[in-house]
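Student:
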Amino acid sequence: MKLSWDVMSDSSNSLSRSIADTLAIASPTQKALATRALSASISPNTLLPLRTDFAFADVPGREDAPVLVPPAQVQKRSITAGKKGRFALLHALAHIELNAINLALDIALRFGCGNEDENNKGHALFPDQFTHEWLGVADDEAKHFLLLNERLQALGGSYGDLPAHDGLWESALATKDDPKARLAVVPMVLEARGLDVTPMMIEKFTAVRDFESVAALKVIYKDEVGHVDVGRRWFEELCDREGLIYEETWQALVKRYFKGVLKRPFNQPARSKAGMEPPYYEPLADWYEGIM
């Protein structure tokens, strides 16, 4: 697959253009494959100088299918030995993973790639490691989407066959100008929620002897721990720069920017493995329960 980024160049603008081009791809499968190719082409030692002005779209490319609908209109997803419920759940997960590709690419492009720190002119907002790590996350999410789409095809369909949730890009738009908020909401709320619910899904797919889907979910679960950790580390670095208390800052940002509800039960061992200890989320869960 041809890339617009010249791997022999150290141009942050050139890499930014390649990421933006990948985000703009409408075909989910082609986007996933392009993401994997882009990630594989970049050395972790690549230096990214300060980026000059670079404009890009706030909304990623997508095909007309799946039709996007409010969450209440998404098909219920009971897991049984029959194909219908399993297909619906795997389709919903594939939709989440496709959005996760877009979110990881967007955070690398929007806040990385030598993007200048508005509060420290002449310096990048994040070191090069930030960009490399988020492109690695995007590569994982692309792998996850392809695994899930393979399962959908094995069950007689493909991604796009069912309506899907229309609200998954809302968090990206709401936090497009605030890297702390983006890190607080996307990896530390949305991806952390995956740590809570995936073990239960693995149990249910195991009960109906769908071991191929179980294998895919185990790959996703293992990788998501690392993604939450990546988000948490960079969030805490930004807090350190401003002398902010991690937990209090995170809770305030989630209250402001996250439109959902932080729900129990939590997978404390997995969250702790990613560096998110209970003082982050337990007080906030108490707050949500108090206002409902």
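Using our numbering, read the sequence shown as starting at 6 and increasing by one per residue.
Glycine included, each C-beta is placed from N, C-alpha and C at the ideal position.
For clarity, every value in this text was computed on a predicted model and none was experimentally measured.
1) Please determine, among A109, K209, G295, the residue with the shortest C-alpha to C-alpha distance to L195.
2) Kindly identify the DSSP beta-bridge partner or partners of E121.
3) With DSSP collapsed to three states, give me the class of A186.
4) Closer than 7 Å by C-beta to T27: which residues in its own chain qualify, once you throw out the five before and the five after it? Chain order, please.
5) Let me know if T211 comes out buried or exposed under the rule of 16 or more other beta-carbons within 10 Å of its beta-carbon.
6) According to DSSP, is V64 part of a helix, a strand, or is it coil?
7) Excluding the five sequence neighbours on either side, which residues of its own chain have a C-beta within less than 6 Å of the C-beta of C138, listed in chain order?
8) Given a threshold of 16 other Cβ atoms within 10 Å of its Cβ, counted over all protein chains shown, does A86 qualify as buried or as exposed?
9) Taking L249 and V259 to be in contact with their CB atoms under 8 Å, please state how far apart those CB atoms are, rounded to whole angstroms.
10) Within 6 Å: the Cβ of S163 and any heavy atom of the ligand MG?
11) When DSSP labels each residue in this structure, what does L195 get in the three-state scheme?
12) Among D215, Y262, S19, L153, whose alpha-carbon lies nearest the alpha-carbon of K181?
13) Looking only at its chain, what residues have a beta carbon closer than 8 Å to the beta carbon of L200, apart from the 5 residues adjacent to it on each side?
14) Would you list the one or two residues that DSSP bridges to A169?
15) Using the Cα positions of L95 and V72, report the straight-line distance between them to the nearest angstrom.
16) By DSSP, does I24 sit in helix, in strand, or in coil?
17) Quick check: what's the CA-CA separation for R82 versus E252?
18) Once the 5 residues before and after L167 are set aside, which same chain residues still bring their CB inside 7 Å of it?
19) Mind checking which residues open and close the alpha helix (DSSP H) that includes L94?
20) Applying the criterion that 16 or more other CB atoms from any shown protein chain within 10 Å of the CB defines a buried residue, is L289 buried or exposed?
21) Report the three-state DSSP secondary structure of L157 (helix, strand or coil).
22) Counting C-beta neighbours from all protein chains within 10 Å, is the total for L178 16 or more, i.e. buried, or is it exposed?
23) What are the boundary residues of the alpha helix (DSSP H) that includes R82?
24) Of the residues L222, A169, G117, E175, which one's Cα is nearest the Cα of R156?
25) Please report how far the alpha carbon of K89 lies from the alpha carbon of S218, in whole angstroms.
26) If I measure Cβ to Cβ from G127 and keep anything under 8 Å in the same chain, skipping five residues before and after, which residues do I get?
Tutor: From the atom records:
1) Residue numbering aside, residue 195 sits at position 190 when the sequence shown is read from its first letter. The shortest Cα separation from L195 among A109, K209, G295 belongs to A109.
2) Within the sequence shown, the letter at position 116 stands for residue 121. DSSP, once it has assigned bridges, lists A129 as partnering E121.
3) Taking the first residue of the sequence shown as position 1, residue 186 is located at position 181. In the displayed model, A186 falls within a helix according to three-state DSSP.
4) The residue given as residue 27 occupies position 22 in the sequence shown. Taken in chain order, the residues that qualify are K36, A39, T40, L43, L110.
5) If you number the sequence shown from 1, residue 211 lands on position 206. Label assigned to T211: exposed.
6) Reading the sequence shown from its first residue, position 59 is the one you call residue 64. In this structure, V64 counts as coil in the three-state DSSP scheme.
7) Taking the sequence shown and counting its residues from 1, one reaches residue 138 at position 133. In the sequence on display, residue 138 carries Glu and not Cys. Result list for E138: V235, in chain order.
8) The count along the sequence shown starts at 1 and reaches residue 86 at position 81. A86 should be labelled exposed.
9) By 1-based counting over the sequence shown, the position of residue 249 is 244. By 1-based counting over the sequence shown, the position of residue 259 is 254. That pair is no contact at about 14 Å.
10) Ligands in the displayed structure: none, and consequently the ligand MG is not present.
11) Counting from one through the sequence shown, the residue named residue 195 turns up at place 190. It is helical.
12) Against the sequence shown, residue 181 aligns to sequence position 176. The residue from D215, Y262, S19, L153 with its alpha-carbon nearest to that of K181 is Y262.
13) Residue 200 sits at position 195 when you count from the first residue of the sequence shown. Within the same chain, L200 has close Cβ partners Y226, E229, V230, V233, N272, A275, R276, A279.
14) In the sequence shown, residue 169 corresponds to position 164, counting from 1. Residue pairing by DSSP places A169 opposite L73 in a beta bridge.
15) Locating residue 95 in the sequence shown gives position 90, counting from the first residue. Locating residue 72 in the sequence shown gives position 67, counting from the first residue. Spanning the two alpha carbons is a distance of roughly 16 Å.
16) Along the sequence shown, read from residue 1 onward, the residue named residue 24 stands at position 19. The answer is helix: DSSP assigns I24 an H, G or I state.
17) Numbered from its first residue, the sequence shown carries residue 82 at position 77. Numbered from its first residue, the sequence shown carries residue 252 at position 247. Looking at the two C-alpha atoms, the distance is approximately 34 Å.
18) Here residue 167 corresponds to residue number 162 of the sequence shown, with the count starting at 1. Here the set comprises P71, Q80, A93, H96.
19) What you label residue 94 is simply residue 89 of the sequence shown in a count that begins at 1. Annotation: the continuous alpha helix (DSSP H) that includes L94 extends over 88-116.
20) Taking the sequence shown and counting its residues from 1, the one referred to as residue 289 is at position 284. With a threshold of 16 other beta carbon atoms within 10 Å, L289 meets it and is buried.
21) Here residue 157 is taken as the residue at index 152 of the sequence shown, counted from 1. Helix at L157.
22) Working through the sequence shown from its first residue, we reach residue 178 at position 173. By the C-beta density criterion, L178 is exposed, having fewer than 16 other C-beta atoms within 10 angstroms.
23) The sequence position of residue 82 within the sequence shown is 77, counting from 1. DSSP places R82 in no alpha helix (DSSP H); its state is neither H nor E.
24) Residue mapping note: residue 156 aligns to position 151 of the sequence shown, counting from 1. Residue L222 is the option with its Cα nearest to R156.
25) Residue mapping note: residue 89 aligns to position 84 of the sequence shown, counting from 1. Residue mapping note: residue 218 aligns to position 213 of the sequence shown, counting from 1. If I take the Cα positions, the gap works out to 14 Å.
26) In the sequence shown, the residue the question calls residue 127 occupies position 122. L55, E121.
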